[in-house]
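Here our numbering = 1-based position in the sequence shown + 7.
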Amino acid sequence: MSEDVSGAEPVTRRVHECSWSANLEKPVHADDPDLVVEQAKDAVEATADGYHVNLVTHGDHGHPESYLWPELEAAFTVVDGDADEDGSESRIRLEYVDQCGCGGHVTRVHVVE
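What follows is the structure in C-alpha cells.
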C-alpha cells in the first residue's frame, strides 16, 4: 500500500479476505480528489482475490467513471469476465452500483482470481 502523506486516516490497514466497503466520502475526500484515487487503489490492493470492495466516493467529484475508473484502469488489468487469458496479476472488474441518497457514488471493484 502506498504511503499516505496527506495526513488523512488510511482507508485500510490490512488485507481483506472478504468483500468490504471503503469510505472515500469523508470531508477530507471532498477536498482532495487525488486522495480519493490514491486510497481507492490502496483499497483494491488490500482486497484478496475472489472478493470485491465497494468504493464509496464523494458526490462533489461527480460520477466515478469520469475520474476514478481511468486511474484504476491504468493501475490494474481490467477484465470483462471472471478470468483473463494472460495470467497477469491485479486483475479487476469494475461495476457501477448506484448513487447514494447523500449524493455519493458506489463503484464495486471485483478482484479476479
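Note that CB positions come from ideal geometry on N, CA and C, so glycine has one too. Everything numeric in this text was worked out from a predicted model, so none of it was measured.
- Message: Let me confirm a value: CYS25 is counted as buried when at least 16 other C-beta atoms fall within 10 Å, else exposed. Which label applies?
- Response: Here residue 25 refers to the residue found at position 18 of the sequence shown. Burial call: exposed.
- Exposed unless 16 or more other CB atoms sit within 10 angstroms - verdict on GLY111: Looking up residue 111 in the sequence shown gives position 104. Counting Cβ neighbours within 10 Å, GLY111 comes out buried, since at least 16 surround it.
- Item | Residue interval of the beta strand (DSSP E) (run including ALA29) | As a working note, residue 29 is residue 22 in the sequence shown. Segment 27-31, the beta strand (DSSP E) holding ALA29.
- Message: Please tell me whether THR54 and LEU31 are closer than 9 Å, where the distance is taken between their beta carbons.
- Response: As a working note, residue 54 is residue 47 in the sequence shown. As a working note, residue 31 is residue 24 in the sequence shown. No, they are not a contact pair.
- Task: Rank ALA29, GLU16 and PRO17 by C-alpha distance to the C-alpha of ARG115 and give the top, closest one.
- Result: Along the sequence shown, read from residue 1 onward, the residue named residue 115 stands at position 108. Relative to the Cα of ARG115, the nearest Cα in the group ALA29, GLU16 and PRO17 belongs to ALA29.
- Nearest neighbour of GLN106, chosen from HIS70, LEU75, ALA37 and THR84 [CA to CA]: In the sequence shown, counting from the first residue as 1, residue 106 sits at position 99. The candidate whose alpha carbon is nearest that of GLN106 is HIS70.
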